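Asker: Residue numbers (our numbering): 103 to 307.
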């Protein structure tokens, strides 16, 4: 089963998103330790005479950097970083737990589906074998080789096998739905269901 299929599950996607968010917050907390440099720009007028304010030589420009150092915030920043690391570790644990739990569900559902599929295949062979035995019993009865009780017993065998086959087909459909849910959907082409061939009901002769 490709791992991309299981990642379609909403619980895995949510846990993965929380882990990415927690990791990004760690990066933001680390960035707080570095100095911040900003560029400030100003524009104004400077003149000794009010009449000169409209001329270009009276205009002034002011451009310069501004540096902010987190010198006195070391304790707060370290505490914030530790909290972010703890949140990231918790998110990572939750993600791993979610993935492992999902794969257990997938494995259980896949095993149940394959086992029931093998059981249904066996029941199909059993129905075919019992039908041949019924045909033989009817032929022998027509030739006076066996009593009608033998035919009735063969019919009961066929009907019982057909009932079991019908139940197995229903169980296989339910297992298929559980496997679909465990994988989050979108995998029909990977696990097509093999429907059994039509088996004629035994007719009393």
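Just so you know, even glycine gets a beta-carbon here, dropped at the ideal spot from N, CA and C.
For clarity, every value in this text was computed on a predicted model and none was experimentally measured.
With respect to the alpha helix (DSSP H) encompassing residue 125, which residues constitute its N-terminal and C-terminal limits?
Answerer: For residue 125, the enclosing alpha helix (DSSP H) stretches over residues 112-133.
Asker: Helix or strand or just coil, what does DSSP make of residue 248?
Answerer: coil
Asker: Taking 8 angstroms as the cut-off, does the CB of residue 278 come closer than this to any heavy atom belonging to the ligand MN?
Answerer: No copy of the ligand MN appears in this structure; indeed no ligand is present at all.
Asker: In or out: residue 267 buried (at least 16 other Cβ within 10 Å) or exposed?
Answerer: buried
Asker: Measure the Cβ-Cβ separation of residue 215 and residue 277 and say whether it is below 9 angstroms.
Answerer: yes
Asker: Note down the Cα distance separating residue 233 from residue 117, rounded to an integer number of angstroms.
Answerer: 54 angstroms
Asker: Give me the residue from 122, 200 and 207 with the minimum Cα distance to residue 282.
Answerer: 207
Asker: Between residue 193 and the rest of its own chain, which residues show a CB-CB distance below 7 angstroms, the 5 nearest in sequence each way excluded?
Answerer: 120, 121 and 124
Asker: For my contact list, residue 186 and residue 131 are in at a C-beta cut-off of 8 angstroms; report their separation, rounded to the angstrom.
Answerer: 4 angstroms
Asker: By Cβ distance, which residues of its chain are closer than 6 angstroms to residue 256, with the 5 residues on each side in sequence left out?
Answerer: 235, 236 and 239
Asker: Rounded to whole angstroms, what is the Cα-Cα separation between residue 254 and residue 226?
Answerer: 21 angstroms
Asker: With H, G and I counted as helix, E and B as strand and the rest as coil, what does DSSP make of residue 109?
Answerer: coil
Asker: So, are the CB atoms of residue 229 and residue 273 less than 9 angstroms apart?
Answerer: no
Asker: Report the rounded CA-to-CA distance for residue 217 versus residue 190, giving the unit in angstroms.
Answerer: 40 angstroms
Asker: With distances taken between CB atoms, is the gap from residue 269 to residue 111 smaller than 9 angstroms?
Answerer: no
Asker: Residue 262 by DSSP, collapsed to three states: which one?
Answerer: helix
Asker: Do residue 114 and residue 213 have their C-beta atoms closer together than 9 angstroms?
Answerer: In this structure, residue 114 lies away from residue 213, with their beta-carbon atoms at least 9 angstroms apart.
Asker: Taking just the CA atoms, how far does residue 249 sit from residue 203?
Answerer: If I take the Cα positions, the gap works out to 59 angstroms.
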